[in-house]
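Enquirer: Shown below is the structure under consideration.
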Amino acid sequence: MPDLSGPLRVVIAEDHYLVREGTRRLLEDTGQADVVAAVGTAVELLDAVERFRPDVVIADIRMPPGHHTEGITAAHAIRAGHPGIGVVVLSQHANENYAFDLFRCGTDGLAYLLKERIGEVDELLRALREVAAGRSVVDPRIVEVLMGSHARAADAPLSRLTRRELDVLRHMAEGKTNRAIAESLRLSESTIEKHVNSTFAKLGLAEIPQLHRRVSAVLAYLRHAPHGPNGSQVPHN
Amino acid sequence: MRIIAVCGGLCMLWATLIGTTQLQNRYTLPWILGSVLPCYFAGLFIWWHAPSSPVARRLLLIGTWLSVTIAIRYSTSLLIRAFGWNLRPRPYALLLPADFGLQILSQSFDLIVSILLVRLLALLPDGAVLFPYERRILRALWGLLALPFLLPLTGMSQLTVHYIVFYYPEAWMPGLGAVLLVVRCLRAHAAGRRDVAALLPFAAPGAAILLARAASRLFRSWQGEQGVLYFVGAVLGALPYVSVSLVIVYAAFRHRLLGVDLVLRRSAVYGSLWLIINSWYLGMALTLGLTAGQYFPIGLSLLVAVVATALFQPLRARLNALAERRVFGKRLSRFELLVQFGTTLEHAYDLDRLAPQLATGLREGLNLQWVAVRLGGDGLPVSAAEAGERPAGAAPLGEFPLLYGEDVLGLITYGPKAEGRCTPEDHDIGETLARSAALAVHNVRLTAELCARVEEVQRQAAELDASRARIVHAQDTERRRIERRLHDGIQQELVALVAKLALARNRLHRGGDIDAALTEMQDDAYRVIDELRELAHGIHPPILTDQGLVAAVTSCARRMPIPVTVHSAESLGGLRFALDIEESAFYLVSEALTNVLKHAGATHVTISIARGDGRLLVEVRDDGTGFPTETTRGSGLTGMRDRIEAVGGELTITSGAGAGTTIRARLLERVREETRA
């Protein structure tokens, strides 16, 4: 477990020079992050991870040579080799399927954020801390798509949730604490806690230890998210 | 004229009767059959049809006069025998007046026949005098009638008188008539009478033959009428009467000799010709038998007669066939029928024409009362034809189905024969024709199929050209749209952002607070990013490239404001198809969903993606209002079809008012590779 009180040791992998340097400067300006390496390809990223053992990695989803989903592949490799290193994948795709792809072997220590979030440094830093702590974050835009979607299987567990519980779950999926959710929804923290517990119960997560519940809730959400009867993109954890 | 005709008939009967029974004259029947009957009958026949025609009248007169002459001669002989008259050995002076009168009468009648024959031949074809010289010559001929009276008075021997009055005129007069006709033709040619001049090709050989006959008769008279020569003489003697009769009956029918309005029934004409030919044949056969009878014992002469009859049979058959063909046109013999149909069928591609040909040919060839032919069926239009009068409700005698393998390609039904019964050969021919016809129909079917395929290919080619043009056009339109969105949307927003940056800097220089301005600019930038993302997605959804069809369709479905269920087969999960196939399928779904939103007012959409038969099947079904597929020709639907057909797929659109719409595409399943998963 990294020391969360000091600056986070970060490796940035981004093939676009301006974005790479901009991100580095934004993060370093806050004083809460120490960018130990900034590289342009997935191969260099893996090499840098081996050499610098950072707390957390920021990886662009599209990198040379294929410009497809090298960032996700690299994230899986890093998580497999170094479970302590969190990975934030920055993506220009506001498409949930990429998030599913990223989370297909588990959500721990992984975040899927849209690239423009680098403009909101606070959000980015929060996500870095969450993944460094082994938790998970999904970009609100993705959650929005999934929540807004009408297409879902009738027997999905999510259909048993009330509207309010869905709202709470959405905020949970964004990685917020109960307090933060209460603030967003202008409700008391105890009410939120009630909703959270009933959500866990409805999703069959009551027996799972507290720490993982929230992640599991997000997973459950993702698993039953609307993509037809064939749910192959979202494996069970 | 009627009386004359009746007289002729009676005289003929009388002469036949007394000639065969009383006089035991063996030559009676041959002569009557060989010359008198043909002439009389032909005259009667055409006079019956054209009473006013001089040609008809003269022919009938000749026939009648021949009858009368022979009747008088036989009557004379009968009287001589009855009263003990005997003309030949006695000197001329001792003749009884009655005897003498009868002889002169007989000779005059012989002369009249010859003169009539000259007049008939010389004035063909219309029987009218064209040139003054004709009238003079023909009138002058009547002067010959004085000879039977005058010559005996000069003391000439009876035999000589007989030669001069009967023998030479009988021999030479037909030739004279034919020569006169030749002259008439030549002069008519000079005078511009083409109808008469046209006879020349027939008149000239006719004249030659008749003159030759006359010469040979002279020769015969020198040699004496004995044996074979007698037979030859008999043949030649009958020649003018038979040939003239035949020619005139035929010309009356074929060339409207008797007038343009006269229509003769073919069967009647053929019947007449048949009677003449067969009468002559019978006469000749009898003559031959009798000739032989003079020299051989009765058994041998019978044999000769039989052999002669057998020898002449082909000639008679040939003549009859010729007459039949001339009268009825080319009637088909069985083998001709087969041969002709063999040839016809080879080129048959029009069943509507083939059916009547087959029906008529079969009916005539087999001499059936009626034949009904039905061709086609089994996917072909049916052509039916009937030949002959089929009595209402008459059951067919039999039928030949047209079989090609297992297929029944038509049916021939037929009634009984006009005469006689159907023989096994008839049946075989019918069957053979049915087989050939089946082949022909099969041919037609193949041809039709080929034509349909060629048309289909041409239609497809044309459609391909059109759809290519539409695709190119659609691409151009799309490019322009992208260009507009880049220039008018994104570029403008970036320019505005730059302007806002400049404003913020100015404010900063003046020491102002630019925090709010920066937030605003950041929001603007986000908007630009969103728009850019959307535009890029419209050009090509990256999810399609990265994760394939099912993921892209699912993702697309999630963004729909109405519930969309996606069914996809398990096996499709990791499978990637060729890029163009995936793109076409995705755009089909995307376009169909857009249409559903725009037009259908649906509450639910189901998308199915499956594999089968080496095809990728994509179906988009909604529960919306639907539309009439026949009348709706939206460019959206056309674009969809073009896009699918461009990659070798097929598109079916099923819809109906209130029934929702189902769009189905069958695409070639070209697999690219397994995904990394």
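Quick mapping for you: the protein sequence lines, in order, are chains A and B.
Numbering follows full-length UniProt numbering, in which position 220 of the first sequence is assigned residue number 220; successive positions increment by one, without gaps.
Numbering follows full-length UniProt numbering, in which position 507 of the second sequence is assigned residue number 507; successive positions increment by one, without gaps.
Each residue gets a CB set at the ideal place from its N, CA and C atoms; glycine is no exception.
Report yes or no: is there a C-beta of chain A within less than 8 Å of the C-beta of B/P542?
Expert: The residue you call residue 542 of chain B lines up with position 542 of the second sequence. At least one chain A Cβ lies under 8 Å of B/P542.
Enquirer: At the level of alpha carbons, what is the spacing between A/I142 and A/K115?
Expert: Stepping through the first sequence from its first residue, residue 142 of chain A is reached at position 142. Stepping through the first sequence from its first residue, residue 115 of chain A is reached at position 115. Spanning the two alpha carbons is a distance of roughly 12 Å.
Enquirer: Rounded to whole angstroms, what's the CA-CA distance from B/L668 to A/L187? Just pull it up for me.
Expert: Position 668 of the second sequence, counted from the first residue, corresponds to residue 668 of chain B. Position 187 of the first sequence, counted from the first residue, corresponds to residue 187 of chain A. Approximately 56 Å between the Cα atoms of the pair.
Enquirer: Indicate whether B/I562 and B/V620 have their beta-carbon atoms separated by less than 8 Å.
Expert: The count along the second sequence starts at 1 and reaches residue 562 of chain B at position 562. The count along the second sequence starts at 1 and reaches residue 620 of chain B at position 620. No, Cβ-Cβ distance for B/I562 and B/V620 is not below 8 Å.
Enquirer: Please list the terminal residues of the continuous alpha helix (DSSP H) segment that includes B/Y404.
Expert: Translated into positions along the second sequence, residue 404 of chain B becomes position 404. That residue, B/Y404, is in no alpha helix (DSSP H); its beta strand (DSSP E) goes 398–404.
Enquirer: Taking only the alpha-carbon atoms, compute the straight-line gap between residue 752 of chain B and B/V183 and give it to the nearest angstrom.
Expert: What the structure shows of chain B is the stretch from 1 to 677, and residue 752 of chain B is not part of that stretch, so it cannot be assessed.
Enquirer: Across which residues does DSSP place B/F202 in a beta bridge pair?
Expert: For the purposes of this step, residue 202 of chain B is taken as residue 202 along the second sequence, with counting starting at 1. Paired residues: none, contrary to the question.
Enquirer: Near B/V528, what residues of its chain come up, given a Cβ to Cβ distance below 8 Å and the 5 sequence neighbours on each side ignored?
Expert: Residue mapping note: residue 528 of chain B aligns to position 528 of the second sequence, counting from 1. Cβ neighbours of B/V528 beyond the five flanking positions: I490, E493, L494, L497.
Enquirer: List the endpoints of the continuous alpha helix (DSSP H) containing B/G430.
Expert: In the second sequence, residue 430 of chain B corresponds to position 430, counting from 1. From DSSP, the alpha helix (DSSP H) with B/G430 extends over 424–484.
Enquirer: Return the first residue and the last residue of the alpha helix (DSSP H) that B/G43 is part of.
Expert: As a working mapping, residue 43 of chain B is identified with position 43 in the second sequence. Looking at the DSSP string, the run of the alpha helix (DSSP H) that includes B/G43 is 37–49.
Enquirer: Closer than 8 Å, CB to CB, is B/A551 near chain A or not?
Expert: Along the second sequence, one-based indexing puts residue 551 of chain B at 551. With 8 Å as the cut-off, B/A551 counts as an interface residue toward chain A.
Enquirer: Strictly by DSSP, which residues pair up with B/Y414?
Expert: In the second sequence, the residue the question calls residue 414 of chain B occupies position 414. BP columns for B/Y414 point to B/V371, B/G398.
Enquirer: Closer than 7 Å: is that where the CB of A/L102 sits relative to any heavy atom of the ligand ADP?
Expert: Absent from the structure shown: the ligand ADP. Ligands present: none.
Enquirer: So who's on the other strand from B/H567, going by DSSP bridges?
Expert: As a working mapping, residue 567 of chain B is identified with position 567 in the second sequence. B/S608.
Enquirer: Determine the burial state of B/C185: buried for a count of at least 16 other Cβ atoms within 10 Å of its Cβ, exposed for fewer.
Expert: Residue mapping note: residue 185 of chain B aligns to position 185 of the second sequence, counting from 1. Result: buried.
Enquirer: Cα-Cα, which of A/L124, A/H82, A/G106 is closest to A/S91?
Expert: The residue you call residue 91 of chain A lines up with position 91 of the first sequence. The candidate whose alpha carbon is nearest that of A/S91 is A/L124.
Enquirer: Contact defined as beta carbons within less than 8 Å: I believe B/L354 pairs with B/L375. What is the distance between those atoms, to the nearest angstrom?
Expert: Counting from 1 along the second sequence, the entry for residue 354 of chain B is found at position 354. Counting from 1 along the second sequence, the entry for residue 375 of chain B is found at position 375. Confirmed, Cβ separation roughly 6 Å.
Enquirer: Going along chain B in order, which residues have a C-beta closer than 9 Å to the C-beta of A/D101?
Expert: Looking up residue 101 of chain A in the first sequence gives position 101. Correct list: D546, Q547, A551, A677.
Enquirer: Do B/G34 and B/V242 come within 8 Å of each other at the CB atom, strictly closer than that value?
Expert: In the second sequence, residue 242 of chain B corresponds to position 242, counting from 1. In the second sequence, residue 34 of chain B corresponds to position 34, counting from 1. Cβ distance < 8 Å, so B/V242 and B/G34 count as in contact.
Enquirer: Which stretch, first to last residue, makes up the beta strand (DSSP E) that contains B/L124?
Expert: Taking the second sequence and counting its residues from 1, one reaches residue 124 of chain B at position 124. First-last for B/L124: undefined, no H or E at that position.
Enquirer: Using Cβ-Cβ distances below 7 Å, what residues of the region 66–81 of chain A are close to chain B?
Expert: Going along the region 66–81 of chain A in chain order, one finds H68, T69 with a Cβ nearer than 7 Å to chain B.
Enquirer: Would you check if the distance between the CB atom of A/D15 and the CB atom of A/M63 is smaller than 8 Å?
Expert: For the purposes of this step, residue 15 of chain A is identified with residue 15 of the first sequence, where counting begins at 1. For the purposes of this step, residue 63 of chain A is identified with residue 63 of the first sequence, where counting begins at 1. Yes, these two residues count as a Cβ contact at 8 Å.
Enquirer: With contact counted as at least three CB pairs below 8 Å, one residue from each stretch, are the region 538–554 of chain B and the region 582–589 of chain B in contact?
Expert: Flag = yes, the region 538–554 of chain B and the region 582–589 of chain B touch.
Enquirer: Quick one: what does DSSP say A/L113 is sitting in, helix, strand or coil?
Expert: Here residue 113 of chain A is taken as the residue at index 113 of the first sequence, counted from 1. Three-state DSSP puts A/L113 in a strand.
Enquirer: Tell me, please, whether the CB atom of A/V87 is closer than 8 Å to any CB atom in chain B?
Expert: Position 87 of the first sequence, counted from the start, is the residue given in the question as residue 87 of chain A. No - not a single Cβ of chain B is within 8 Å of the one on A/V87.
Enquirer: Counting only beta-carbon atoms, is A/G119 nearer than 8 Å to chain B?
Expert: The residue you call residue 119 of chain A lines up with position 119 of the first sequence. Cβ-Cβ to chain B under 8 Å: yes for A/G119.
Enquirer: Look at the alpha carbon of B/V55 and the alpha carbon of B/P38, and state the distance between them as a whole number of angstroms.
Expert: Mapped onto the second sequence, residue 55 of chain B falls at position 55. Mapped onto the second sequence, residue 38 of chain B falls at position 38. Rounded to the nearest angstrom, the two C-alpha atoms are 15 Å apart.
Enquirer: Can you give me the C-alpha to C-alpha distance between A/L110 and A/Y17, rounded to a whole angstrom?
Expert: Taking the first residue of the first sequence as position 1, residue 110 of chain A is located at position 110. Taking the first residue of the first sequence as position 1, residue 17 of chain A is located at position 17. Going from the Cα of A/L110 to the Cα of A/Y17 covers about 24 Å.
Enquirer: Using a cut-off of 8 Å between C-beta atoms, extract the partners of B/Y526 located in chain A.
Expert: Reading the second sequence from its first residue, position 526 is the one you call residue 526 of chain B. Here the neighbours are E116, G119.
Enquirer: Would you call B/M1 buried or exposed, if buried means 16 or more other Cβ atoms sit within 10 Å of its Cβ?
Expert: Here the question's residue 1 of chain B lines up with position 1 in the second sequence. Exposed.
Enquirer: Could you give the distance in angstroms between the alpha-carbon of residue 678 of chain B and the alpha-carbon of B/L181?
Expert: Residue 678 of chain B lies beyond the range of chain B shown here (1 to 677); nothing can be said about it.
Enquirer: Quick one: what does DSSP say B/T519 is sitting in, helix, strand or coil?
Expert: Residue numbering aside, residue 519 of chain B sits at position 519 when the second sequence is read from its first letter. Of the three classes helix, strand and coil, the one that applies to B/T519 here is helix, per DSSP.
Enquirer: Which two residues bound the contiguous beta strand (DSSP E) that contains B/E386?
Expert: Numbered from its first residue, the second sequence carries residue 386 of chain B at position 386. Per DSSP, B/E386 belongs to the beta strand (DSSP E) from 380–387.
Enquirer: At what residues does the alpha helix (DSSP H) containing B/L366 begin and finish?
Expert: In the second sequence, residue 366 of chain B corresponds to position 366, counting from 1. First-last of the alpha helix (DSSP H) with B/L366: 351–366.
Enquirer: Using DSSP with H/G/I as helix, E/B as strand and the rest coil, what is B/E619?
Expert: Within the second sequence, the letter at position 619 stands for residue 619 of chain B. B/E619: strand per DSSP, three-state reduction.
Enquirer: Counting contacts by CB-CB distance shorter than 8 Å, is B/Q491 in contact with chain A?
Expert: Residue 491 of chain B sits at position 491 when you count from the first residue of the second sequence. No, no contact with chain A.
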